[in-house]
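Engineer: The following block contains the structure, expressed as structure tokens.
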Amino acid sequence: MKKRTTMGRLLAAAALCAMLAGCGTRTEANVPTDPDPAPQAEPEVQTPEPPQTPPSQGEEPALSQDPDGEEDSIAASYTGTWRDDARGTSGGRCYMEIACEDGVNYSIDIWWGGSAARTTHWQYTGSYDEIWKGIDYTGTRFTEITQADGTVEKTTELEEATGLLYLEDGVLLWEDTFEHTGEGMRFSREAS
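The numbering of the sequence shown is our numbering, which starts it at 463 and goes up by one.
This is the structure we're talking about:
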């Protein structure tokens with residue numbers, strides 16, 4: 463029995479070696495032929511399009527739009543100027559401006575005036591998050607001090623701040639992950 467098994471293994475190994483030795487060799491029938499060269503086409507002459515006229519002053523550029531218009535409606539619900547309620551934490555002294563030029567990326571500026579010369583300014587960028595149903599942002603907090611000559615001294619106070627801006631019953635809420643500055647604030651859209 464042992465001899466038959468060993469003999470069978472030897473025959474199988476020899477057959478495998480013979481098959482492998484045949485791999486990679488080419489016969490003339492297997493050699494691909496060069497394709498006929500493609501005919502050279504004459505280059506097309508394109509007529510330049512007339513330049514587009516820039517939008518007139520005060521005209522907003524069109525936002526990008528999904529086929530169903532969802533991006534436009536989301537961006538439109540957030541963009542504009544918002545102010546904390548007079549009964550809120552800031553007493554109405556905190557306001558924000560949200561812009562979205564492409565329907566996807568938002569730029570957010572928040573100002574909270576501490577005095578006539580001192581303002582805290584947050585600058586964020588973000589995008590709408592479908593899971594959290596709000597603008598997920600990251601950015602920097604600055605302190606801006608207006609000098610007697612009118613120049614503004616800007617000092618970076620906190621970098622890589624994160625948070626979320628979201629709507630609830632038509633009111634914009636600010637969830638600041640690091641400092642919780644937005645707690646108690648309820649921003650209403652200002653008339654434009």
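No residue lacks a Cβ here, since even glycine has one placed at the ideal position from N, Cα and C.
Owing to the predicted nature of the structure, the values given are computational and were not obtained by experimental measurement.
For ILE572 and ASP611, what's the separation of their Cα atoms in angstroms?
Structural biologist: The count along the sequence shown starts at 1 and reaches residue 572 at position 110. The count along the sequence shown starts at 1 and reaches residue 611 at position 149. Their backbone Cα atoms lie some 24 Å apart in a straight line.
Engineer: Compute the Euclidean distance between the alpha carbons of ARG488 and GLY565, then round it to the nearest angstrom.
Structural biologist: As a first step, residue 488 must be located in the sequence shown, where it is residue number 26. As a first step, residue 565 must be located in the sequence shown, where it is residue number 103. The predicted model places ARG488 with a pLDDT of 48, which falls under 50 and marks its position as unreliable; any figure quoted below should be read in that light. Rounded to the nearest angstrom, the two C-alpha atoms are 58 Å apart.
Engineer: In angstroms with no decimal places, state the Cα-to-Cα distance between LEU627 and TYR599.
Structural biologist: Here the question's residue 627 lines up with position 165 in the sequence shown. Here the question's residue 599 lines up with position 137 in the sequence shown. Cα to Cα, the separation comes out at about 8 Å.
Engineer: Can you have a look at GLY625 and say buried or exposed, based on whether 16 or more other CB atoms are within 10 angstroms of its CB?
Structural biologist: On the sequence shown, residue 625 is found 163 positions in, with the first residue counted as 1. The residue in question, GLY625, is buried, as its Cβ has 16 or more Cβ neighbours within 10 Å.
Engineer: For THR617, count the other beta carbons within 10 Å of its own beta carbon; 16 or more makes it buried, fewer makes it exposed. Which is it?
Structural biologist: As a working mapping, residue 617 is identified with position 155 in the sequence shown. Classification for THR617: exposed.
Engineer: Give me the residue from ARG651, SER654, ARG603, GLU615 with the minimum Cα distance to HIS642.
Structural biologist: Start at 1 with the first residue of the sequence shown, and residue 642 comes out as number 180. It is ARG603 whose Cα lies nearest to the Cα of HIS642.
Engineer: Inspect the beta-carbon positions of THR543 and TYR557 and report whether they are closer than 8 Å.
Structural biologist: To locate residue 543, count along the sequence shown from 1; it is residue 81. To locate residue 557, count along the sequence shown from 1; it is residue 95. Cβ distance < 8 Å, so THR543 and TYR557 count as in contact.
Engineer: Taking the straight line between their C-alpha atoms, what separation do you get for ARG580 and ARG651?
Structural biologist: By 1-based counting over the sequence shown, the position of residue 580 is 118. By 1-based counting over the sequence shown, the position of residue 651 is 189. Taking the straight line joining both Cα atoms gives about 24 Å.
Engineer: Which value, in whole angstroms, describes the spacing of the CA atoms of ALA578 and PHE649?
Structural biologist: For this step, residue 578 is matched to residue 116 along the sequence shown. For this step, residue 649 is matched to residue 187 along the sequence shown. Rounded to the nearest angstrom, the two C-alpha atoms are 22 Å apart.
Engineer: Considering ALA561, what are the terminal residues of the beta strand (DSSP E) in which it resides?
Structural biologist: In the sequence shown, residue 561 corresponds to position 99, counting from 1. Looking at the DSSP string, the run of the beta strand (DSSP E) that includes ALA561 is 556 to 561.
Engineer: Could you tell me which residues DSSP pairs with PHE640 in its beta bridges?
Structural biologist: Here residue 640 corresponds to residue number 178 of the sequence shown, with the count starting at 1. DSSP output for PHE640 lists no bridge partner at all.
Engineer: Counting only the same chain and skipping the five closest in sequence on each side, list residues whose C-beta sits under 8 Å from that of GLY646.
Structural biologist: Taking the sequence shown and counting its residues from 1, the one referred to as residue 646 is at position 184. These residues qualify, in order along the chain: GLY550, THR551.
Engineer: By the 10 Å Cβ neighbour count, where 16 or more other Cβ atoms means buried, how is ASP546 classified, buried or exposed?
Structural biologist: Residue mapping note: residue 546 aligns to position 84 of the sequence shown, counting from 1. Burial call: buried.
Engineer: Just the Cα atoms here: how many angstroms apart are GLU597 and GLY554?
Structural biologist: Reading the sequence shown from its first residue, position 135 is the one you call residue 597. Reading the sequence shown from its first residue, position 92 is the one you call residue 554. According to the sequence as given, residue 597 is Ile; it is not Glu. Approximately 22 Å between the Cα atoms of the pair.
Engineer: Exposed or buried, which one is GLY588 when buried takes at least 16 other CB atoms within 10 Å?
Structural biologist: Numbered from its first residue, the sequence shown carries residue 588 at position 126. Label assigned to GLY588: buried.
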